[in-house]
Amino acid sequence: MLPPVYGESKPFEREALSEEDEHLTLDLRLRVEDGIIADMRSLHLISFVIIIIISLLAKASKSDDGFCSAPSITESDEKTKPIYWKVTNPTLSPSHLQDLPGYTRSVYKRDHALITPESHVYSPLPDWTNTLGAYLITPAMGSHFVMFFAKMKEMSSSGLPPKDIERLVFVVEGAVTLTNTSSSSTKLTVDSYAYLPPNFYHSLDCVESATLVVFERRYEHLGSHTTELIVGSTDKQPLLETPGEVFELRKLLPVSLAYDFNIHIMDFQPGEFLNVKEVHYNQHGLLLLEGQGIYRLGDNWYPVQAGDVIWMAPFVPQWYGALGKNRSRYLLYKDVNRNPL
Ligand SMILES: NC(=O)N[C@@H](O)C(=O)O
Ligand SMILES: [Mn+2]
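Residues in the sequence shown are numbered from 1 upward in steps of one, following UniProt numbering.
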């Protein structure tokens, strides 16, 4: 059996061949061709196997149980979750970070703070029943207000704020029932809120569970103006003009002089950002309800996501740019209607 001959090629001079030689040449040519064909076949087989492997790898990296990708929440999952779900189930939740000793995205500086979920420290709220509170912003930071999460468990109820302190509660998860002296009761579900004037008797009662974000501050009287009980929900507030800006703005309280703060709800589509690089005398307590983006505070640029809380002291340069696939929505405390002197 003659092996296929791959000798070096000589200048080709065609000479007459005997019949036997002709047969031999044909045989050799077929053998060489067979050899090439055989190689071509194995090449096809190898490339076919490689394509299968690549497509399996690509599929695996896309699937949730893929060995190349962290479990991700698909867009359809997002759609089935209740509004503001990510505030209490953030992507970088404590369980994701607890195995990273000492790692946190939280920062505390002279004129701002970023408090991220893995840093929350809960303890029983004095005067509340069966409720844990995590204070995020207090006058110890230089603010004139407090901002805290209240995690209400089954059969829990609120305590009253101190004398002359006004309160705003916003429901981030679950539901509570608000009762006041007129013994009328109103159910507050996610995205609902209530403003309680200073020294206004009320109780927030929870049967199953609820997470509230609560703002409290000493009411600053102005002349004879007084505030009153307000109950509402974000989705029922009108969109306000925002000249020179692209974000959508709603306010949860009246803009009248009686109110010494307001709560802004601001929506940005991905890619939209604050036009004004703000520096102002007002203070902010911010909760990112939905989405993700970059918050500039002073000379620092922070990637932020739903569940993050930000303290902004007066005059801290501030700016936000929304990123990702879904809108950003944040809730923002802002003092208003009072002379800074
Ligand atoms: N930081 C930020 O969004 N600020 C403005 O909304 C504002 O009204 O101060
Ligand atoms: Mn501002």
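Positions of the beta carbon are idealized from the N, C-alpha and C atoms, including for glycine.
Could you tell me which of PHE247, VAL276, VAL279, PHE273 sits nearest to HIS264, measuring between CA atoms? The option with the nearest alpha carbon to HIS264 is PHE247.
Spatial neighbours of PRO237 within its chain, please: CB distance less than 6 angstroms, with the 5 preceding and 5 following residues excluded, ordered by chain position. What sits at residue 237 in the sequence shown is Gln, not Pro. Residues of the same chain with a CB within less than 6 angstroms of the CB of GLN237, apart from the 5 flanking positions on each side, are ARG250 in chain order.
Could you tell me if ASN300 is buried or exposed, where buried requires 16 or more neighbouring beta carbons within 10 angstroms of its beta carbon? Per the 10 Å Cβ criterion, exposed.
Keeping to the same chain, check which residues put their C-beta closer than 8 angstroms to that of ASP235; ignore five residues upstream and five downstream. Residues ASP191 of the same chain have their beta carbon placed closer than 8 angstroms to that of ASP235, with the five preceding and five following residues left out of the count.
Measure from the alpha carbon of THR129 to the alpha carbon of each residue in SER224, SER157, VAL279, LYS325, then state which is nearest. Here the closest residue by C-alpha is SER157.
Taking Cβ positions, are TYR193 and SER233 nearer each other than 9 angstroms? In this structure, TYR193 places its C-beta atom within 9 angstroms of the C-beta atom of SER233.
Could you tell me whether the Cβ atoms of CYS206 and GLY244 are closer together than 9 angstroms? Not closer than 9 angstroms, so no.
Where ARG110 falls, given that 16 or more other Cβ within 10 Å makes a residue buried: For ARG110, the number of other beta carbons within 10 angstroms of its own is below 16, and it is reported as exposed.
According to the neighbour-count rule (16 or more other Cβ atoms, all chains shown, within 10 Å of its Cβ), is ASP335 buried or exposed? With 16 or more other Cβ atoms within 10 Å, it is buried.
Tell me, to the nearest whole angstrom, how far the beta carbon of VAL309 is from that of GLN292; I am working on the premise that it is less than 8 angstroms. Under the criterion of beta carbons closer than 8 angstroms, VAL309 and GLN292 do not qualify as touching, at roughly 14 angstroms.
Quick one: residues in its chain with C-beta nearer than 6 angstroms to the C-beta of HIS120, no 5 flanking neighbours on either side, listed in chain order? These residues qualify, in order along the chain: ALA134.
Does the Cβ of ALA322 have 16 or more other Cβ atoms within 10 Å, making it buried, or fewer, making it exposed? Its Cβ being crowded by 16 or more others within 10 Å, ALA322 is buried.
Would you say the beta carbon of MET147 comes nearer than 8 angstroms to a heavy atom of ligand 1? Distances from the CB of MET147 to the heavy atoms of ligand 1 are all 8 angstroms or more.
Any heavy atom of ligand 1 closer than 8 angstroms to the CB of HIS221? Remark: the C-beta of HIS221 is outside contact range of ligand 1, defined as less than 8 angstroms to any heavy atom.
What's the C-alpha gap between PRO197 and VAL172? Using only the alpha carbons, I get a separation of about 21 angstroms.
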